[in-house]
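Asks: For the record, in the sequence shown the residue sitting at position 65 is 97 according to the numbering used here, with numbers rising by one throughout.
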Amino acid sequence: MKQPIIMPVLSDTMEVGRLVRWLKKPGDPVKKGEVIAEVESDKAVMELEAFSDGWIAGPLAPEGSEIAVKQVIGWIADNPEEAKGEAAPTETAPEAAAEPAPPPEKPAPPPPEEQAPAAAPPPPKEAPKPPPAPAEAPPPPPPPQATAPSPGGTVSPVVTAALEPRRPASGGITPLARELAAELGLDPDTLPAGADGVVRAGQVLAAALTAPAPDLSHNPPHQVELPSALRWKVALNMQRTTDTPMFRVTTTADLRPLRDFAHEGEWSLTLLLARACALALTAHPLFNQAWTPKGLARFERIDIGIAMDIGEGLVTPVLRDMAGRPLEELAEDWRILKDKTQRRRLRPEDYEGATFYLSNLGTFPGVRQFDAIVPLGSSAILAVAAADAEGRTALTLSCDHRVVFGADAARFLDTLVTRLKQPETLVKP
């Protein structure tokens, strides 16, 4: 018996995964827990382990393809002979399985037997000939099949599935579209349908990213390409923050004492900045909250998310309990997180759930000031710019105005600047 290998859900925001490569081929034996493939989520590349002993069986999803979560990407057979046989039917493809099979067509009734008339009528005399019927208009050409580009020139199976004509299971919306709408928090009844009156996954994704479309008709010739999964997810997350009422407060600080302290102790400057934020948060717990539809979520621990550029996108590995643990432990955690980030091996528990965020662009000498967007699930993010000739640096705090007010931000920044002047106080919790 063959058991399907499915595209796993590696994060609560993951909708599509990219099959980076297979580490096994059909016919290879595998043990439970053995790594059989590498899968890229919207944040990182992760290893996919076998769920049981057996033999890898095909067909396997092609490497480099994008596949919706919970879709079949391969099989594990109970014996080597079965692994060489044909694959089991693909009834596990969610949407395809939900589509009812069309009823068999009824056989056409046999043509009536030709019977001679009882009495043939006399032929008409010089009957006027009817005017010739107009030539039948040729049927309209079928509409062009829509196609969508994808990174690397391959068409995403998800996009292809969204564009394929399907019959709605019920209510004018396909099962995949309904599932996507639920995951994205969209009301299916408010989604616009396609030309045939059916809401498909394409309509759901378009609604999730609804924004005024730019008019490029007067721009230079161009081609539209889909971004990478990471950039797509970052764009979607930023789009979701548009309902957050934000304000910014900027101050300046002399970071030379902190830089000297970091150099002498061989500490990471970013780690020390995050530590200073965490200790400031202990004095201002209002900032360690998040707005939710049910009220304010007061977090019992300070977890700092630190924005990191990985070239093709942005990730925010999280240091846990930054105010309550020794700095040496945090430094080791930060080293591990940076290494995992560079190797794209972060797991969801490594980058989700921060209560406060830090974005440091101080390594770019031309950045004198900037502000960042407050991620959902937190109330503030601190943006650190580059120092000027006198060593002074702009610190901009972006805040969710539903959680904190301007005076709160001013007091927080005062406390933070004081901490930065006394970097030796950052060592102990």
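For each residue, glycine too, the CB sits at the ideal point set by N, CA and C.
Identify every residue that forms a DSSP beta bridge with residue 279.
Replies: DSSP, once it has assigned bridges, lists 431 as partnering residue 279.
Asks: Could you tell me the alpha carbon to alpha carbon distance between residue 56 and residue 306, rounded to whole angstroms?
Replies: Roughly 42 angstroms between the two C-alpha positions.
Asks: Taking Cβ to Cβ, would you say residue 449 is nearer than 7 angstroms to residue 285?
Replies: Yes, the pair counts as a contact, with Cβ atoms nearer than the cut-off.
Asks: Quick one: residues in its chain with C-beta nearer than 8 angstroms to the C-beta of residue 65, no 5 flanking neighbours on either side, listed in chain order?
Replies: Closer than 8 angstroms at Cβ, skipping near neighbours: 81 and 82.
Asks: Just the Cα atoms here: how many angstroms apart are residue 370 and residue 222?
Replies: Going from the Cα of residue 370 to the Cα of residue 222 covers about 42 angstroms.
Asks: Can you tell me whether residue 368 is buried or exposed, with buried defined as 16 or more other CB within 10 angstroms of its CB?
Replies: It is exposed - the Cβ of residue 368 has fewer than 16 other Cβ atoms within 10 Å.
Asks: Please name the residue or residues paired with residue 341 in a DSSP beta bridge.
Replies: Bridge partners of residue 341: 346.
Asks: So is residue 438 buried or exposed if we call it buried at 16+ other beta carbons inside 10 Å?
Replies: Answer is exposed; the Cβ neighbour count stays below 16.
Asks: Could you give the first and the last residue of the continuous beta strand (DSSP E) run that contains residue 234?
Replies: Segment 233-240 is the alpha helix (DSSP H) holding residue 234; no beta strand (DSSP E) there.
Asks: Strictly by DSSP, which residues pair up with residue 330?
Replies: Its beta-bridge partners are 321.
Asks: Can you tell which of 51, 458 and 116 has its C-alpha closest to the C-alpha of residue 354?
Replies: For the residues 51, 458 and 116, the minimum Cα distance to residue 354 belongs to 458.
Asks: Would you mind working out which of 98, 378 and 393 sits nearest residue 260, comparing C-alpha positions?
Replies: That would be 98, whose Cα lies nearest to the Cα of residue 260.
Asks: Do the segment 320-330 and the segment 407-416 meet, that is, are 3 or more Cβ pairs less than 8 angstroms apart?
Replies: Yes, the segment 320-330 is in contact with the segment 407-416.
Asks: Pick out whichever of 72, 316 and 404 has its Cα sitting closest to the Cα of residue 274.
Replies: The candidate whose alpha carbon is nearest that of residue 274 is 404.
Asks: Might you give, ordered along the chain, the residues of its own chain that have their beta carbon closer than 8 angstroms to the beta carbon of residue 427, omitting 5 neighbours on each side?
Replies: Correct list, in chain order: 282, 283, 284, 285, 414, 415, 416, 417, 445, 448 and 449.
Asks: Give the DSSP-derived three-state secondary structure of residue 54 in the structure shown.
Replies: In this structure, residue 54 counts as strand in the three-state DSSP scheme.
Asks: Going by alpha carbons, who is nearest to residue 328 out of 433, 230, 78 and 346?
Replies: Out of 433, 230, 78 and 346, 433 has the C-alpha closest to the C-alpha of residue 328.
Asks: Taking the beta strand (DSSP E) that residue 106 belongs to, which residues open and close that run?
Replies: First-last of the beta strand (DSSP E) with residue 106: 104-109.
Asks: Is the distance from the Cβ of residue 85 to the Cβ of residue 116 below 7 angstroms?
Replies: Against a cut-off of 7 angstroms, the Cβ pair of residue 116 and residue 85 comes out as no contact.
Asks: Roughly how many angstroms lie between the CA atoms of residue 440 and residue 313, to the nearest whole one?
Replies: Distance between the alpha carbons of residue 440 and residue 313: 11 angstroms.
Asks: Determine the direct distance from the alpha carbon of residue 347 to that of residue 339, and round the result to whole angstroms.
Replies: Approximately 6 angstroms between the Cα atoms of the pair.
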